[in-house]
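What follows is a single structure, written as structure tokens, with notes after it.
Residue numbers (our numbering): 3 to 309.
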């Protein structure tokens, strides 16, 4: 699959918009607002301001999460509701935020990518059981679940078509017993909506940049800091791509920087790092915090503006 479009954009931004971040009291992304109905929360996102801000800092593309672990989905999905036995708006936000994001970003030639997972709503036992996958995830992975979860993915992919340039699919861990055969179900689901979409399947953080599966078009490249520089544009035929968080960990943990405010690296460092990765043909995606209304952290924007 052709990855030139991602390569040519050089760097972009990633944000986690999730029930347990923006809708949970006490998290920085919650802005002290407490908990509200999920669908109404998604209604608060100002897509025009978000797109304009990304344009102002020079981002070439933008990733946003559709879900992570829980039953709360960022956009409508009839297939999800049918399998889960839920009403529109109960788990899947009623606003088609992805289509709106595309329209807002397209005006600035910013490409849209999406984050999905391979473990579904496993944290919500009732809904997770409807799909056929709950804890312990290392023992319960089965083809029946993957088929159902791929059907949800295909519903989304067909809805948005070529508005979505690619997918970063998390939780495809080999220790869950994922393999190429199961991942082909996700590949088919994505390509039925957009035959040109590129996909990366994540097998977790590694000490070096790896192509986790033969089906991956670009590397997931998950790291916890901006340190590793690839040797060349391709890793076993996949576009070299780095994803790491800019935020500062609140508890000092290695994993605690995702979806957090502040900056662990200054502007000069980020400029030099992205330049080094770009010079060998790689691409850098920078995770920053997104607040419940779609606004971004000023300190992080200052760092991005230096790139």
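By construction, the Cβ of each residue, glycine as well, lies at the ideal position given by its N, Cα and C atoms.
Since this is a predicted model, take the numbers as computed values, not measurements.
- request: Name the one or two DSSP bridge partners that residue 21 has.
  value: In DSSP, residue 21 forms no bridge with anything.
field: residue 178 - partner residues in DSSP beta bridges
entry: In DSSP, residue 178 forms no bridge with anything.
message: If you measure between the beta carbons of residue 223 and residue 245, is that distance less than 7 Å?
response: yes
task: Give a yes or no on whether the C-beta atoms belonging to residue 175 and residue 205 are separated by under 7 Å.
output: yes
field: residue 80 (DSSP reduced to helix, strand or coil)
entry: helix
message: Given a cut-off of 7 Å on the beta-carbon distance, is the pair residue 159 and residue 195 in contact?
response: yes
message: Quick check for students: name the residue ranges of the beta strand (DSSP E) that lie wholly in the segment 200-263, counting only runs of 3 or more.
response: 200-203, 243-247
- prompt: With 16 other CB atoms within 10 Å as the buried threshold, where does residue 252 fall?
  reply: exposed
- prompt: Is there contact between the segment 68-77 and the segment 104-114, where contact requires at least three CB pairs shorter than 8 Å?
  reply: no
query: What does residue 119 pair with, by DSSP beta-bridge criteria?
result: 172
- prompt: Beta carbon of residue 171, beta carbon of residue 118: below 7 Å?
  reply: yes
query: Could you give the distance in angstroms between the alpha-carbon of residue 81 and the alpha-carbon of residue 228?
result: 38 Å
message: In the DSSP assignment, the alpha helix (DSSP H) including residue 10 goes from what residue to what residue?
response: 6-11
field: From 72, 89, 214, 11, residue whose alpha carbon lies closest to that of residue 137
entry: 72
task: Reducing DSSP to helix, strand and coil, say where residue 299 ends up.
output: coil
message: By alpha-carbon positions, which one of 124, 46, 54 ends up nearest to residue 97?
response: 46
Coil, strand or helix - residue 185 by DSSP: helix
Burial state of residue 127, where buried means 16 or more other Cβ atoms lie within 10 Å: exposed
task: Identify the continuous alpha helix (DSSP H) that holds residue 291 and give its terminal residues.
output: Run containing residue 291: none; DSSP gives neither H nor E here.
message: Quick check: the Cα distance between residue 289 and residue 216, rounded to an integer number of angstroms?
response: 25 Å
query: Mind checking whether residue 133 and residue 122 have CB atoms under 7 Å apart?
result: yes
task: Pick out whichever of 241, 177, 178, 225 has its Cα sitting closest to the Cα of residue 202.
output: 241
field: residue 293 versus residue 250: straight-line alpha-carbon distance, rounded
entry: 15 Å
message: Taking the straight line between their C-alpha atoms, what separation do you get for residue 200 and residue 146?
response: 25 Å
task: Flag this pair as touching only if the segment 27-43 and the segment 294-309 have three or more C-beta atom pairs under 8 Å; answer yes or no.
output: yes
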